[in-house]
Structures are given as C-alpha cells and as structure tokens.
Ligand SMILES: Cc1ncc(C[n+]2csc(CCOP(=O)(O)OP(=O)(O)O)c2C)c(N)n1
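In my numbering, the protein residues as written are 754 to 1415.
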C-alpha cells in the first residue's frame, strides 16, 4: 500500500494512527466479551476502520456525520468515551437512548452525530435536510453520510442522491463497499461495474478510493469537504474495503471464499499504516507497545465501569411522555375585542391563510412538496407564496415522498421547521417509513424533536378512485410519537394548522379535498391557534350522539337537519392523536346512545378505538351498544354510484334508526 503523507507533520500522522488503532482495540475486546457471553450482538468493522476514522477526522468538529452500524471509528474519533458507548450498547440508563434502542441507533447533538435506524437507507435523506439547513443559513458546512453497498439498492439511496443533486446540497455520500451485504455478494446486489459510476447519472462528481488507506481516505474527504463547503454540491465517494468478519458475529462467514480473507488481510489498514510509520521512523516498536498497553488498560477500565452502571427502571408514564418532545402550547386565540376581524373563507383559503401566517411567524419554516412553488400546488394552497417568501423556503421537490420527509427531519435536526405537502394523502405510502419509523420514534429514542408537519389532502366524494380518495388516518393514529389532526371547518383548519406548525412534534394534518371549495365560514384574520387534542361539541341534544370528524361532521349535520325531530349531539373530534377523552365521555353520559361515524373503512378504523374506550370507561351510561357507521371494507371505487354506496354516509340514516330504536 502506498502512503503519501503530503505535508503532514509527524504529530499529525501519529494522531491518525492513534485514532485508527483505538477502535481496532475496542473491537478486539468486544470479540472477547462476545465469546464470554457478556455482550449480545456485534457488527464488526474490523478491517474497515480507515474509512470511519479517516473521513471523520477530515470533517470539522461541528459538521454532521451520519454513520452506519460498522462505524465505531466515527464515534471514537469524535471523542465519545467507550464507557458511554458501552452503556448504550448494553441498554444502560446512561446510554444515549436510556436502554430504548440498540447499538449505534442514536444521535447526539453534542457530537453532531446522527445515527441510523435499522432500515439503513433512510438516513441519507436526513443528510440532505441537514445540508439544506446549512445552505439556507449560509453556514459553509459539509455533511457526511455513510451507506453500505448493500443499502445502495434501496430507493432511499436513489431519492436522497437525486434530491441532493437537484438542490446542490453539500453532502458527501460515502459508500463503504465491503463486498457483502449480509451474505449477498456485490454481483447479486448491483449490475454496474463500480457503484461510483452512478454519480454520473445523478449529475454529481464521483470518486473511488482505497478505503483501507487512511491517508487516502483523510485527504480525499478533506479536499472534497473543503471544496463543497464553499461550492455547495453533493459528491459520491466509493470506498473499497472488505468485511473481515461475519455480518454480525453469530452469522458466520461460510459463504465468503477463504482466499478473499487472505488477500484482504494483506491490506489491513492498521497494520499497513503501522508499518509505514515504522519505516518512516515516525513510530518505534516500543512506542506502539506503550500505546497499546495504555489503550488496553483504559478499555478494560471503561468496560467494567459501564457494566457496573445502573439499568433503566421501567416507568410506563415516563416511557409514554418521552414519545413526544415536551411542548406547552401558548394558546393564541382570536379575540373578540374591538378591531379583530373575520373574513368569509373557503376551507382551502383558510389553510392557505394559516400557512402564510405560519411562514411569517417562523422565519425558519420551509415548505416542500411537488409543484408547490410557482404552480401553487395541486390545489393552489401555496399560490403566490414564492413571490412572498422566495423559492428557498417554498420548494418544489422531485417526486420522492420518502426523501422529502427525511429531508424535513434533517432540517428539524439542524434548527429548521418543515412542512411537507403530500400531493394526495394516498401518496404518503411512499414516505411511510420515514414517518412511522423516523419522525415518530426519534424523540423517544434519543430525545431529538421532529419538527415536521405533513399535510394530507385526503378523502373521497369526487369520484377519484382507489388512489386519490383514501382515508388513511388510522395508519398514523396507531403510531405512537405522531400527532394527528383533522379539522372539519375553515376556522378550525386555520387554528389547528398554526398549532401544528408551532408544535415541535411531527403532526399529520388531514385536510379534506371535498371541503376545499364547498365550505365557507367566517375565519378570524389574525394569527391564532387551537389546542391539539380538543374536540368540539357542534350540536347538543339528549337522545343520541354522533361522534365523528372530517367529512363525517358534515354528514352528521346533514342528517340532523333532515331529522329536526331528533335531539342529537354531534361531537367533532378535530384531533385524533391525542383525542379528547373527556369530551367523548361527556357526550356519552349526556346521551346514552352513541354512533361513531367516519369516512374510513370499518375494520380497525379510528372508530374502533373510540368504541372500545367507551365500552371500557362509559359502560354504565350506555342505553344501547356503541354502534359504528363507516365505509365498506373495500377499496374506494371511482364510479359515482359505487363511490356513494361505498361511503358511510349512504348507511347513516339506517344505522341511526337502529340506534334510536334499540
Ligand atoms: C430495509 C432493510 N432490509 C433489510 C435489513 C436487514 N439487513 C441488515 S444489515 C443488511 C446488510 C447490509 O449490507 P450493507 O449495506 O452492504 O452494509 P454492511 O452490513 O455490509 O456494512 C441487511 C440485509 C435491514 N436492516 N433493513
């Protein structure tokens, strides 16, 4: 292996050697602990350390790095103590996730490291968001994100590189090509000659390096980072290396030809650099021995100290509370004092009004979505926004929901707020992983907020068929860590959207397309918020109640106006997560007969949760079984007559009759 020290001093070379040796020695200790049964799982990076260490040291200390499961050297090179890491790996209270997540699945703002989730690819989009925040605030910083060659097959890789290229974001995408993804060799993973060749297809620079050569790693990343800080753009770096052990220790290496191990053992990054330093007399055998003895003693002591640390004590209330970033909404209500005005607004205009006032209030709020810039969005909600707020904050995105939600989380991690507009709520499936696994779980895992609102133009009634009409709120109400709101009126739409934008937690904001232009109301002109989690009693009667939300509220109102003889309470939930148990209990007690109505399909729709809760907590007040009126358990058909028959409303009168006559 050829080393070129360029102008590095002996002290600099020594520093690189120390940073390279240390994780190797930690890993050797891990293998012993594993054999002794003292630790569970370990993803070894032995033989790959030059990549993590060289690239980490090449970055500035306040630049973000997003490593993978084999990159111990990133953490040690950033100065995190082994005791702290060990506490994390062993699920101790003092670990980065307080025992809630495993291995390297954590982030730490103190060290500017954002760890992966198990799904491998999603973090590449987070790097985009982090870099976008740096670019918007003109910070001249680079972001470094790792991926294995296996994870380059995920759509996340393609989406993140494409977004970074289109937006010219200063991200170094580093592929650690170690020959195998679990047992899958590279020729079963991709069909191009070199992964770095893909750079051309994304319109970015690509560089291939010997990942086992610490100086080549360090110099390549230093040069690229220096350049892209001032000339923002992404680069793809393919680092060639080899996985010298199993995927994880228990999984063995039978599928790897022995000669590959032999060839790569010759290129061991630590040994190679060591002999270079001996040759050039930067190091002596004696100095190496002394250093190793020192590290060995330190490692032993820190491991023992971590083992002795306290375990987390189960505390259900704390676990639930930590799903969300603490936030006390300062309720800004529109006042009825003199001077406050209202304007008759369509539901759609109220949403647009809220977004505009949110943008004015939060200069760090960025809007992202397909066609939302000059075109104004599929429903024209952001019409005129570019003129007022500029294209940097009102961003057209490529068609890649996953990367954009991930980018939103990256923006939040780096000090921004983000709103993502799904063109139709149906398309959220393509961003589902980022929402339910990244946005929802980040605060619980390592205490970082996910200050993101996802707007969801939802629902049927326009004959748009199975992929432009779904009600999918129950996918999200089921996921701890998300808040879900669903306003039914223009005024609520404004107040809840402004509340969602203030809240540092991820909020899934449903807005019904059918109501966009069909419903108007006097909406306060001033900025105001409504509390998330509070229902509203729309009508009050003692005979029965309909508990509902969204378009269901309007179906219930229509039913009430067609049956003026029935004394009916209608409760609009407005928020589905958290939802207003107090208001539900009150309306059940006041009426004794409960119909839960929603546009979503029946089975496991949100109504099932309300019904179960009422049965458990309000049983004594019921004069009839809790009944549900929901849409058919089918996909949504396009044809008008079929769609009408599908929707819950077509069975509401009949269902109510059953309830009232019970
Ligand atoms: C979405 C997803 N699918 C499958 C897995 C299971 N899995 C974990 S690591 C891995 C191999 C990853 O290979 P590569 O990206 O090359 O990284 P390496 O482990 O070689 O460092 C697989 C298949 C996963 N974690 N996530």
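Ideal Cβ positions, reconstructed from N, Cα and C, are used throughout, including at glycine. Since this is a predicted model, take the numbers as computed values, not measurements.
Could you give the DSSP three-state label for residue 1064: helix, strand or coil?
-> In the chain shown, residue 1064 corresponds to position 311, counting from 1. In this structure, residue 1064 counts as coil in the three-state DSSP scheme.
*asked:* Is the separation between the beta-carbon of residue 886 and that of residue 1168 shorter than 8 Å?
replied: The residue given as residue 886 occupies position 133 in the chain shown. The residue given as residue 1168 occupies position 415 in the chain shown. In contact: residue 886 and residue 1168 (Cβ atoms closer than 8 Å).
| task | Return the bridge partner residues of residue 958 from the DSSP annotation. | result | To locate residue 958, count along the chain shown from 1; it is residue 205. Residue pairing by DSSP places residue 958 opposite 988 in a beta bridge.
Q: Could I get the ranges of all uninterrupted beta strand (DSSP E) runs contained in the stretch 868-954, with 3 residues as the minimum, in chain order?
A: 896-901, 924-930
message = Let's see if you can read the secondary structure: which residues bound the beta strand (DSSP E) around residue 1325?
response = As a working mapping, residue 1325 is identified with position 572 in the chain shown. From DSSP, the beta strand (DSSP E) with residue 1325 extends over 1321-1325.
Check: Can residue 823 be considered in contact with ligand 1, in the sense that its beta carbon sits closer than 7 Å to one or more heavy atoms?
Finding: Start at 1 with the first residue of the chain shown, and residue 823 comes out as number 70. Yes, ligand 1 has a heavy atom inside 7 Å of this Cβ.
Do you know offhand how far residue 768's Cα is from residue 775's?
-> On the chain shown, residue 768 is found 15 positions in, with the first residue counted as 1. On the chain shown, residue 775 is found 22 positions in, with the first residue counted as 1. So the two alpha carbons sit approximately 11 Å from each other.
Return the chain-ordered ranges of every alpha helix (DSSP H) run that is complete within the stretch 1231-1317 and spans a minimum of 4 residues.
1243-1255, 1266-1269, 1304-1315
_In whole angstroms, give me the CA-to-CA distance for residue 1276 and residue 989._
Taking the first residue of the chain shown as 1, we reach residue 1276 at position 523. Taking the first residue of the chain shown as 1, we reach residue 989 at position 236. About 50 Å.
Check your understanding: Tell me the DSSP bridge mates of residue 1210?
Key -> In the chain shown, residue 1210 corresponds to position 457, counting from 1. Looking at the DSSP assignment, residue 1210 forms a beta bridge with 1264.
Please name the residue in 1035, 826, 1008, 996 whose C-alpha comes closest to that of residue 1020. For the purposes of this step, residue 1020 is identified with residue 267 of the chain shown, where counting begins at 1. Looking at the Cα atoms, 996 is the closest of the given residues.
Spell out the partners DSSP gives residue 1149 in its beta bridges.
Locating residue 1149 in the chain shown gives position 396, where the first residue counts as 1. DSSP output for residue 1149 lists 1122 as bridge partner(s).
Thinking just about the alpha-carbon of each residue, which of 770, 1345, 879, 1247 is nearest to the one in residue 1096? As a working note, residue 1096 is residue 343 in the chain shown. Closest by alpha carbon: 1247.
Just curious, the beta strand (DSSP E) that residue 864 is in, first and last residue?
Within the chain shown, residue 864 is the residue found at index 111, counting from 1. It is not in any beta strand (DSSP E) - residue 864 carries neither H nor E in the DSSP assignment.
Checklist entry - Any idea what DSSP makes of residue 1099, helix, strand or coil? => result Numbered from 1 along the chain shown, position 346 holds the residue referred to as residue 1099. Three-state result, residue 1099: strand.
Would residue 874 pass as a contact of residue 910 if the rule is Cβ separation under 8 Å?
Here residue 874 refers to the residue found at position 121 of the chain shown. Here residue 910 refers to the residue found at position 157 of the chain shown. A contact, by the Cβ cut-off of 8 Å.
Note to self: Quick check on DSSP: helix, strand or coil for residue 1384?
What the structure shows: Within the chain shown, the letter at position 631 stands for residue 1384. DSSP, reduced to helix, strand and coil, places residue 1384 within a strand of the structure shown.
**Asked** To which residues of the same chain is residue 956 closer than 6 Å at the C-beta, ignoring the five residues directly before and after it?
**Response** The sequence position of residue 956 within the chain shown is 203, counting from 1. Cβ within range, chain order: 918.
Rounded distance between the beta-carbons of residue 1237 and residue 1329, thought under 8 Å
For the purposes of this step, residue 1329 is taken as the residue at position 576 of the chain shown. For the purposes of this step, residue 1237 is taken as the residue at position 484 of the chain shown. Indeed, because the Cβ distance is near 4 Å, the residues count as touching under 8 Å.
For this session: Flag residue 873 as yes when its Cβ comes closer than 7 Å to any non-hydrogen atom of ligand 1, and as no otherwise.
Result: Position 120 of the chain shown holds residue 873. True, at least one ligand heavy atom lies under 7 Å from that Cβ.
Q | Proximity test, residue 1000 beta-carbon vs ligand 1 heavy atom, cut-off 7 Å | A | Reading the chain shown from its first residue, position 247 is the one you call residue 1000. Yes, the Cβ of residue 1000 comes within 7 Å of a heavy atom of ligand 1.
Open item on the list: Quick check on DSSP: helix, strand or coil for residue 1217?
Closed with: The residue labelled residue 1217 in the question sits at position 464 within the chain shown. Of the three classes helix, strand and coil, the one that applies to residue 1217 here is coil, per DSSP.
#### Entry: heavy atom of ligand 1 below 7 Å from residue 900 C-beta
Here the question's residue 900 lines up with position 147 in the chain shown. Judged by the Cβ position, residue 900 qualifies as a neighbour of ligand 1 at the 7 Å threshold, a heavy atom of the ligand being closer than this.
- Bounding residues of the beta strand (DSSP E) (the contiguous stretch that carries residue 1354): Residue mapping note: residue 1354 aligns to position 601 of the chain shown, counting from 1. Looking at the DSSP string, the run of the beta strand (DSSP E) that includes residue 1354 is 1347-1354.
**Asked** According to DSSP, is residue 1173 helix, strand or coil?
**Response** Within the chain shown, residue 1173 is the residue found at index 420, counting from 1. Reduced to three states, the DSSP call for residue 1173 is strand.
Quiz prompt | CA nearest to the CA of residue 1271, picked from 1257, 1321, 1294, 1242 | solution = Numbered from its first residue, the chain shown carries residue 1271 at position 518. Measuring from the Cα of residue 1271, the nearest candidate turns out to be 1242.
Ligand 1 heavy atoms versus the CB of residue 931: any closer than 7 Å? Locating residue 931 in the chain shown gives position 178, counting from the first residue. Yes, the beta carbon of residue 931 sits closer than 7 Å to at least one heavy atom of ligand 1.
Subject >> Under 8 Å between C-beta atoms of residue 870 and residue 1166 >> reply: Looking up residue 870 in the chain shown gives position 117. Looking up residue 1166 in the chain shown gives position 413. Cβ atoms of residue 870 and residue 1166: not closer than 8 Å.
* residue 1160 to residue 855 span [Cα, whole Å] -> On the chain shown, residue 1160 is found 407 positions in, with the first residue counted as 1. On the chain shown, residue 855 is found 102 positions in, with the first residue counted as 1. Rounded to the nearest angstrom, the two C-alpha atoms are 24 Å apart.
Review point. Taking residue 1303 as the reference, which of 1010, 1315, 1289 has the closest Cα?
Key: As a first step, residue 1303 must be located in the chain shown, where it is residue number 550. The shortest C-alpha separation from residue 1303 is found at 1289.
Quiz item: Beta carbon of residue 1003: closer than 7 Å to some heavy atom of ligand 1?
Solution: Reading the chain shown from its first residue, position 250 is the one you call residue 1003. Because no heavy atom of ligand 1 lies under 7 Å away, the Cβ of residue 1003 does not count as near it: no.
Checklist entry - Which residues in the same chain have their Cβ closer than 7 Å to the Cβ of residue 1180, if we skip the five residues on either side of it in sequence? => result Within the chain shown, numbered from 1, the residue matching residue 1180 stands at position 427. Counting only Cβ-Cβ distances below 7 Å, and skipping sequence neighbours, we find 1154.
**Asked** Taking C-beta to C-beta, are residue 1120 and residue 1135 nearer than 8 Å?
**Response** For this step, residue 1120 is matched to residue 367 along the chain shown. For this step, residue 1135 is matched to residue 382 along the chain shown. For residue 1120 and residue 1135, yes; Cβs fall inside 8 Å.
* Would a C-beta distance cut-off of 8 Å place residue 1325 and residue 1287 closer than the cut-off? -> As a first step, residue 1325 must be located in the chain shown, where it is residue number 572. As a first step, residue 1287 must be located in the chain shown, where it is residue number 534. In this structure, residue 1287 does not lie closer than 8 Å to residue 1325 by Cβ.
* So what's residue 1021 in DSSP terms, helix, strand or just coil? -> One-based indexing of the chain shown puts residue 1021 at position 268. It is coil, neither helix nor strand.
* Three or more C-beta pairs below 8 Å linking the stretch 1190-1205 and the stretch 847-867 -> Yes, the stretch 1190-1205 is in contact with the stretch 847-867.
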